[in-house]
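One structure below.
In the working numbering, the protein residues as written are 46 to 692.
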């Protein structure tokens, strides 16, 4: 662990030139270092020579959670890892960012950032206001000493001494609204970085150790006018946190430079670096290979994704690569593998991809389908299986007579195929066969092959099972409840009429109407008084789809863990005031009555009767979710008729 630095303030004093050399070369000339301050200065335009990006680089994929974890590492004085730069002896192209769009351009002999893009950009996002689309990070300057590292499952929570905000209204990564925290104890790190990079000095002394807590407070208040607080009795914690922040700002990051012969070697190094870990997928490596052969791939595929409206860049990559491969020799290319890009075959596939994205006619068909999917499925589209999206968009892209067809069968295929778990059960084998059918029907200007696809599936897998998995059928009420329970977000997005794009400033929580934290009230001793107290056998119904709903994040935070007897009246009041979003919890009057009855009985310790009412409430709502979702998909009956296992 590095010792506490005693480097002088400021990082950039008045009169310092921002274009002066800031990398210190070591004896071998291959490894240098840059401080966090230097990296932020470079990425925010305060230097004339920012690093270029190697063509193989992914786009920025870190969200606020990962950035906050990096900040936590800096504050803890953990090593950040080496940044790798390379350049090639042959002429090559690099990526540059113009108006937030990445474009390929020629730059002979340029140093290219090969490893470290996510980390270095995160530093700029944290310590600068020049990346407003990222949001703001705040540091509590006098909280308790740093706790042990902790990640709580899917919630991805981080320590409460770091906060992130997009706007005043939206919730931070801890899930609470801005109004729920006392701003004066929090330092805006973007203002901190901007202030130092603008050349201001640190008052009160030249070193970290000479300033008193009060001097530190006054200095930080000068940087951030809204900051003005030290918790009583926490002067030492405040002083340590302030020193840790400046130490983080001064942290030196190793930078290694290597010279390679060609773009192929760049790809080899990139793939070996990333395949050693678990965070870079085969699709990432495949995309890197495509960009080596096609420098403008990233920008072109982004345009395709935007045309389709409901695809991201990787979905567009997979779709276009598969269609190009089929156009070449009627062979599928999944799973995406870098080996498929070798030699003449790879060149022909990439050339086919270029033809597809440059065809205005084909791009227009994607736009027509994407618009229809957004209108019918809304927010549920976020939960549709992406492999099924390949089939539908492939059919649309190749179909010259798309506008004369009813798209209902394609929409119903997406919903039904996701609900009945076609890809999770049958995998790539099914996906390849279904893609072939969709490609053929599209090429021949026929309707979407919904019935054909399901008949193919039934012929190939008569038992409707594969390995240890099987698709569900809907013969009984229990079957239907199980299907809803497997895909609750898909069904609830539909019945709550959530739009594909949420209203500006709104975020969703998937809320348990009867809070899961209240499940402890469901303990009892059973019919035998000698039993040890244990959870009721139906306690698991708290986590079922019938007790779930989409709810505005800020309102959900205000509710905390209130019982239904307090929660439902509160939401009714917000609904009448027009503050509730979505405008319906999808609860009938009968279901409300059963839920409130269950809550009262459980509170009175009449656990068995209370759980009977609670189970009825959950099952009733789950049945209604099924009943209200199905009429939206008239062709879904094809699934129900065909997907019955052979006797």
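Glycine is no exception: its CB is placed at the ideal position from the N, C-alpha and C atoms.
Inclusion of residue 660 and residue 580 in the CB contact set at 9 Å is not warranted, their separation being larger than that value. Non-local beta-carbon contacts of residue 327 in its own chain, meaning distances under 8 Å to residues more than five positions away in sequence, involve 380, 381, 382 and 383 in chain order. Contact between residue 414 and residue 437 is confirmed by a C-beta separation of about 7 Å, below the 8 Å threshold.
Going by C-alpha positions, residue 304 is about 23 Å away from residue 329. For the pair residue 662 and residue 282, the Cα-to-Cα distance works out to about 50 Å. Residue range 431-443 is occupied by the alpha helix (DSSP H) that includes residue 441. Rounded to whole angstroms, the gap between the alpha carbons of residue 346 and residue 107 is 20 Å. Its Cα nearest to that of residue 261, the residue 289 stands out among 289, 160, 648 and 180.
In the displayed model, residue 506 falls within coil according to three-state DSSP, outside both helix and strand. Distance between residue 449 and residue 456, taken at the CA atoms: about 16 Å. Within the same chain, Cβ atoms closer than 6 Å to the Cβ of residue 362 are found at 332 and 346, the five residues on either side in sequence being excluded. Here DSSP, grouped into helix, strand and coil, assigns residue 211 to coil. Taking each of 291, 295 and 228 in turn and checking the Cα distance to residue 276, the smallest one comes out for 228. By the C-beta density criterion, residue 522 is exposed, having fewer than 16 other C-beta atoms within 10 angstroms. Counting only residues of its own chain and dropping the five nearest sequence neighbours on each side, residue 539 has a CB closer than 6 Å to the CB of 425 and 674. Three or more Cβ pairs closer than 8 Å define a contact, and the stretch 391-402 falls short of that threshold against the stretch 488-498. If the five residues before and after residue 524 are omitted, its C-beta is found closer than 8 Å to the C-beta atoms of 517 and 518, all from its own chain and listed in chain order. In the three-state DSSP reduction, residue 304 falls in the strand class (E or B). CA-CA distance, residue 411 to residue 352, rounds to 7 Å.
Counting only unbroken stretches of 4 or more residues, the alpha helix (DSSP H) elements lying wholly within the stretch 356-425 are 358-374, 388-403 and 405-422, in sequence order. Per DSSP, the continuous alpha helix (DSSP H) segment holding residue 111 begins and ends at 109-120. Annotation for residue 667: the continuous alpha helix (DSSP H) segment containing it runs 652-674. In this structure, residue 234 sits away from residue 167, with a CB-CB distance that is not shorter than 9 Å. In this structure, residue 610 sits near residue 645, with a CB-CB distance shorter than 9 Å. For a cut-off of 8 Å, the C-beta gap from residue 469 to residue 514 is around 7 Å, short enough to register as a contact. Note on residue 467: 16 or more other CB atoms within 10 angstroms of its CB, so buried under the neighbour-count rule. Taking C-beta atoms as the reference points, residue 314 and residue 172 fail to come closer than 9 Å. Assignment of beta strand (DSSP E) within the stretch 527-602, counting only whole runs of 3 or more residues, yields 553-557 and 593-597 in chain order. Here the alpha carbon of residue 568 sits roughly 11 Å from the alpha carbon of residue 651. Counting along the chain, residue 185 sits inside the beta strand (DSSP E) bounded by residues 181-185. Shown here, residue 468 sits in a helix according to DSSP, grouped into three states. Taking C-beta atoms as the reference points, residue 537 and residue 502 fail to come closer than 9 Å. Residue pairing by DSSP places residue 79 opposite 298 in a beta bridge. For residue 133, the pairing in a beta bridge is given by DSSP as 305. Nearest in C-alpha terms to residue 371, of all of 441, 481 and 654, is 481. In this structure, 600 is the residue among 566, 161, 600 and 232 with its C-alpha nearest to the C-alpha of residue 555.
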